[in-house]
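So the sequence shown is numbered by the working numbering: it starts at 31 and just counts up by one.
In what follows, a structure is listed as structure tokens, so that the remarks can point back to it.
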Amino acid sequence: MTLPIYEVEPQLRSAFESESARAIIEAPTGSGKSTQVPQILLDSGLAGDGQIVVLQPRRLAARVLAQRVAAERGETAGGTVGYEVRFERAVSKNTRIRYITEGVLLREMLEDPELSRISILLFDEFHERHLYGDLSLAMAKRLQESARPDLKIGVMSATLQTEILESYLSPSITVSSEGRTFPVEISYSDRSVRGDVWDAAADVWHQEAKRGIEGDVLIFMPGGYEIDRTLRAISEFREADDWELYPLHAELPPERQDAALKRYSRQKVIVSTNVAETSLTIDGVRLVIDSGLARQARFDPNRGFDALTIERISRASADQRSGRAGRTAPGKCLRLWTENENRSRAVAELPEVKRVDLAEVLLTLRGLGIERSEDFDWVEVPLSQSLERAEQLLHDLGAVRNGELTQIGKQMLTFPVHPRFSRMLIEAGGRQCVRPIAVIAALCQGKPLLLRKVGRHVEELRDDLFGDVGLSDFFRELRAFQYAKSQNYHQGNCRKLGIHVATARQTERLATRFIGIAEKAKIQLEEGSANEEGIRRCVLAGFADQVARRRDGGTLRCELVHRRKGEIERGSVVRDSEFVVAAEITEVEKSSGDLDVLLRRVTGIESSWLLEMFPDECVTRDVIAFDEHTRRITAVRATVFREMVVEESGQGEPNEAEAARLLAEQVMEGRCPLKQWNAEVENWIIRLNCLADWYPEAELVKIGPVERQSLIEQVCLGAISYKEIKDRPVFPVVRSWLSEGQQVMLDQMVPERWKMPNNRRLKVRYQEGKEPVLAAKIQNLYDLKEHPKLVNGQVSVVLEILGPNMRPVQVTQDLPNFWKETYPKLKPELARRYPKHEWR
Ligand code: ADP
Ligand code: MG
């Protein structure tokens, strides 16, 4: 059987031979993109004597593809065809086609910025839009436009969303292939899954098996744990005796991964993560059962790094998954969610660059010599606030100073983990506590190891076993972890103490990984037990942006760095330390709309450590504050670390502008009202804002909250107490927002009052975003023939025509019509009811 990609072989070659040397290849999964395109290019000599590198978002796919392609050429991986992923490689000097993960390429760029041995770079699975895929494509484009005009770039994708790419890579040539697919019949559940999703999947498989299934079955689950549970649930059915059952995910040893991909004489069930969605094609599948879930990385504002959570996949992903049933013959897909729920799903996944933490990637960019992430030619530009947050974190961790990588920053680059953890591990290397820090880093990734709501009895047991030195919440978690490990994760023993067993197991796995990473980076592992002070200092290094000082002894309320405020969680064991660092900060919105900022996983620190570890950021200056009792500005001389006072050392001088700013804040928050800021002032601001909307040509600047604050600051200038500003005149300052000419225009175009023919002046009611309203008694309107209009006749008022009882008899924007049509009908009745009034 020849694969569909061969039908477009001539176009493919000419795209790579073209002057721009940029090709976009779109073809459905199974067409032969990943296995055939590199071979076509190699065999046609287009790579010269350089390498063809195929970038894969997944480690598992890189290895499997290399082995498959090597086998197609009658070799094994490591010869002409090789692969290289984190911690594992099979390449030799004869290797011409190399399957690698994106991280590997970036590390190569750090060492050999011109990628001198590579002739062709193929970006596979680009539709997945992984952050590092985006980034390495951008780097490749940059390289091609500068030092390597001969570099050829190909981007391959299983879906037809090529618009972004075409404009990004322009000029480029797009080669498409329809592929070959068979129809797949999709059905949904009648009701949402109750209970566990693996049981639901197993039940669905069982129903189908009883009726008879043709071909193999592919079941999608979010991760290793759910995959194991599904297989266990299936194997309990008698029907399973005739089937081969296989898991497929990245954490399995290679032999077991390969076993899932083999063909057997019996039918098989493969339960897989979304690696089987488009990365790997498994021929012979006729039935797909889809949980509709996937593990995804997403920035978690509570933790300040990405969390892996189980999320509902998009409709585009679900369609890809169902397509896997129609590769070799017509198939069926059973979705474990309702059709109704399907409509509420996202159309497509958000690209990672829009949802994950950018700190690690910005560090990498710096390492590659790109200083300003704003100027970087992103495939899709990230949100500016995520960029800012990431830049700030890199600064706070000490990785970047004045736009340049520091010594520590350079060292952090060699760790393939989030900068918080690389920073912690580096610190740990110098302080003999790599092992416990690896466990703490692992603990940070999961749910709390110790369940929060447990009875008194359990609390006491915990106190006995894990102690309570009051220095760090992590110490308790560390001991609880050691305990769980020593009990071999015994369910019953752990449960008695409220220890989450699955989290403990995961902690061990992750900690081992962190230790491996530290060893790779040549960090010395300690022997024997570690010192507690060292551990606390390491936690500080990794969360240096979340340092806080208790307001006073006995309280949980804190001032944090960067002008934030928060409260230590009630259950924390850290009760005495004045200075703390929090590894988790949760913002909870209260019913009042205010934010409760809760500091969790707290560790006590010493202020002297701040002075030692961040000498250039601990500055002595005058700090002013607003004293709520005396309602005065106070000034002290103090040592300040990132806007947080570390130590007071005497009287200070209030700075005029800063004092005004603080007072203005109090005014804005309603604690110090200005007597003269009255209805007249408010009405003037509303008129200004209305006019700015109605008459944009005048280019008036509206007064919003920010402008309000700066006006109030002007009022407060020179004062240091509420008493001084309370009665200060306000209107002259507010009015000075406009030039004199503009003030005249304002009064003319949106007058406060409207003059009637009988010389009465009636008030116009203005409201932002609405039409102006004028309420007038009929008698005041006699002689007024035209409808009243403002802003040079451009905005007509809503006229509320009032009867003698002051109730509207009509609301209109067409007065002449009122006189002509409505008034004659109303008049007899009104004249009878109110004979004393004038009725013309
Ligand atoms: P694409 O990248 O377009 O999704 P691939 O190049 O991965 O397609 O696969 C093309 C075809 O090659 C598949 O449909 C399948 O028939 C075959 N194939 C690929 N990898 C393997 C493998 N590891 N084992 C068996 N067959 C494979
Ligand atoms: Mg592929």
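Using N, Cα and C, we set each Cβ at its ideal position, and we do this for glycine too.
For clarity, every value in this text was computed on a predicted model and none was experimentally measured.
Inclusion of residue 209 and residue 314 in the CB contact set at 7 Å is not warranted, their separation being larger than that value. Of the heavy atoms belonging to the ligand MG, at least one sits nearer than 6 Å to the Cβ of residue 64. For the region 287-320, not one full-length alpha helix (DSSP H) segment reaches 4 residues or more. Inter-residue distance for residue 424 and residue 440 is about 12 Å (C-alpha atoms, whole angstroms). Here residue 187 has 54, 55, 56, 155, 156, 157, 195 as same chain residues with Cβ atoms under 8 Å from its own Cβ, once five neighbours each way along the sequence are excluded.
Look at residue 103: its beta carbon is at least 6 Å from all of the heavy atoms in the ligand ADP. Taking 7 Å as the cut-off, the beta carbon of residue 818 is found no closer than this to the beta carbon of residue 750. Spatial neighbours of residue 355 in its own chain (CB-CB distance under 8 Å, excluding positions within 5 residues in sequence) are listed in chain order as 214, 248, 315, 316, 317, 318, 361, 362, 363. Relative to the ligand ADP, residue 311 has its C-beta within less than 6 Å of a heavy atom. Residue 784 is bridged by DSSP to 792. Taking 7 Å as the cut-off, the beta carbon of residue 159 is found no closer than this to the beta carbon of residue 81. Under DSSP, residue 588 takes part in a beta bridge, and its partners are 580, 596. Excluding its 5 nearest sequence neighbours in each direction, residue 180 has no C-beta neighbour in its own chain below 6 Å. Residue ranges of uninterrupted beta strand (DSSP E) with 3 or more members are absent from the region 516-555; none lies entirely inside it.
Residues 745 of the same chain have their beta carbon placed closer than 6 Å to that of residue 758, with the five preceding and five following residues left out of the count. One alpha carbon belongs to residue 393, the other to residue 242, and they sit about 54 Å apart. In this structure, residue 654 places its C-beta atom within 7 Å of the C-beta atom of residue 689.
When beta bridges are read from the DSSP output, residue 838 appears opposite 832.
A direct Cα-Cα distance of roughly 6 Å separates residue 407 from residue 168. No Cβ-Cβ contact shorter than 7 Å links residue 572 with residue 533. Residue range 625-635 is occupied by the beta strand (DSSP E) that includes residue 626, with no alpha helix (DSSP H) assigned at that position.
CA-to-CA, the gap between residue 505 and residue 524 works out to about 17 Å. In the pairwise beta carbon analysis, the region 61-77 is classified as touching the region 34-45: at least three pairs are separated by under 8 Å. In the structure shown, residue 179 adopts coil according to DSSP, grouped into three states. A heavy atom of the ligand ADP is found nearer than 6 Å to the CB of residue 98. A straight line joining the alpha-carbon of residue 577 with that of residue 612 spans about 7 Å. Bounds of the beta strand (DSSP E) holding residue 363 are 361-368. Rounded to whole angstroms, the gap between the alpha carbons of residue 333 and residue 615 is 6 Å. With a cutoff of 7 Å on beta-carbon distance, residue 590 and residue 597 are scored as not near each other.
Between the C-alpha atoms of residue 541 and residue 512 there is a straight-line separation of about 12 Å. For residue 385, the three-state secondary structure derived from DSSP is coil. Residue 698 has its alpha-carbon roughly 44 Å from the corresponding atom of residue 814. Residues 784, 802, 804 of the same chain have their beta carbon placed closer than 6 Å to that of residue 794, with the five preceding and five following residues left out of the count.
Going by DSSP, residue 112 is part of the beta strand (DSSP E) stretching over 111-115. Taking the Cβ of residue 59 as the reference point, at least one heavy atom of the ligand ADP falls within a distance shorter than 6 Å. Under the three-state reduction of DSSP output, residue 850 falls in the helix class.
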